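Here is the structure we will look at.
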Amino acid sequence: MTIGYAAGAYDLFHVGHLNILRQAKANCDHLIAGVVHDDVLEQTKGRRPVIPIEERAEIVSHISYVDEVHIETNPDKLHTWSQKPFDVFFKGDDWKGTEKGIALENRFAEVGVRVHYFPYTEHTSSTKLRKVVDLLEAEHDAIEALGRIMRLLDDEQQHGASIKRGLIAQEND
Numbered sequence: 001m002t003i004g005y006a007a008g009a010y011d012l013f014h015v016g017h018l019n020i021l022r023q024a025k026a027n028c029d030h031l032i033a034g035v036v037h038d039d040v041l042e043q044t045k046g047r048r049p050v051i052p053i054e055e056r057a058e059i060v061s062h063i064s065y066v067d068e069v070h071i072e073t074n075p076d077k078l079h080t081w082s083q084k085p086f087d088v089f090f091k092g093d094d095w096k097g098t099e100k101g102i103a104l105e106n107r108f109a110e111v112g113v114r115v116h117y118f119p120y121t122e123h124t125s126s127t128k129l130r131k132v133v134d135l136l137e138a139e140h141d142a143i144e145a146l147g148r149i150m151r152l153l154d155d156e157q158q159h160g161a162s163i164k165r166g167l168i169a170q171e172n173d
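In terms of full-length UniProt numbering, the sequence shown opens at residue 1 and continues consecutively.
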């Protein structure tokens with residue numbers, strides 16, 4: 001039985017994630033999806049995911065191609081392999097031929113694991129989706145700030161009118 005492992009953040013789950021899991025399952029008998037923990041993502045990518053680990057793991061566990069979910073709490077894939085042994089590691093081909101990809105292949109070769117690459121989904125990525133979310137959050141923050149400024153100006157205008165009415169009332173006394 002060939003055990004495959006497909007690691008990912010699986011944040012803002014999209015068709016690219018589905019493609020990797022579908023293709024991975026077609027190339028192994030038992031597929032483990034490694035869902036990277038929030039803290040590890042913050043450590044390795046400098047940001048926390050939009051969707052928390054519990055929800056991401058739940059989403060991935062309901063994908064029919066996935067036989068098992070493993071929450072990764074360590075960025076070292078060999079550490080993961082020592083906890084959950086597998087025969088083949090699946091990765092998007094955006095890593096193929098890169099320094100990181102070659103290092104990964106060499107480290108896995110030492111323990112008999114092969115790295116199998118799949119085409120990267122160009123049109124959809126979590127990075128692109130994250131940029132949209134960031135833009136929407138920034139716009140929302142700007143609208144909230146503008147609302148606070150408008151309320152302050154309105155309060156100041158009302159306060160100024162009260163002072164003016166008070167001065168007029170004093171003059172008439």
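C-beta: ideal position from N, C-alpha, C; glycine also.
Note that the structure is a prediction, hence the values are computed from the model and not measured.
- By the C-beta density criterion, Val111 is exposed, having fewer than 16 other C-beta atoms within 10 angstroms.
- Within the UniProt domain "Cytidyltransferase-like" (6-131), the runs of beta strand (DSSP E) at least 3 residues long that lie entirely inside it are, in chain order, 30-36, 68-72, 88-92 and 114-118.
- Exclusion of the five residues before and after Val69 leaves Ala33, Val35, Ala57, Val60 and Ser61 as the residues of its chain whose Cβ lies within less than 7 Å of its Cβ.
- Using a Cβ distance threshold of 8 Å, His37 and Ile53 count as a contacting pair.
- Looking at the backbone, the Cα of His14 and that of Asp154 are separated by about 44 Å.
- With fewer than 16 other beta carbons inside 10 angstroms of its own, Ala109 counts as exposed.
- For Gly147, no pairing in a beta bridge is given by DSSP.
- Annotation: Arg47 to Asp11 spans about 12 Å, alpha carbon to alpha carbon.
- Note that the C-beta distance between Asn19 and His116 is not below 8 Å.
- Of the residues Thr73, Ile149, Gln43 and Asn106, the one whose Cα lies closest to the Cα of Gln83 is Thr73.
- Here Gly147 is exposed: its Cβ has fewer than 16 other Cβ atoms, across all protein chains shown, within 10 Å.
- Here Ala103 is exposed. Its C-beta has fewer than 16 other C-beta atoms within 10 Å.
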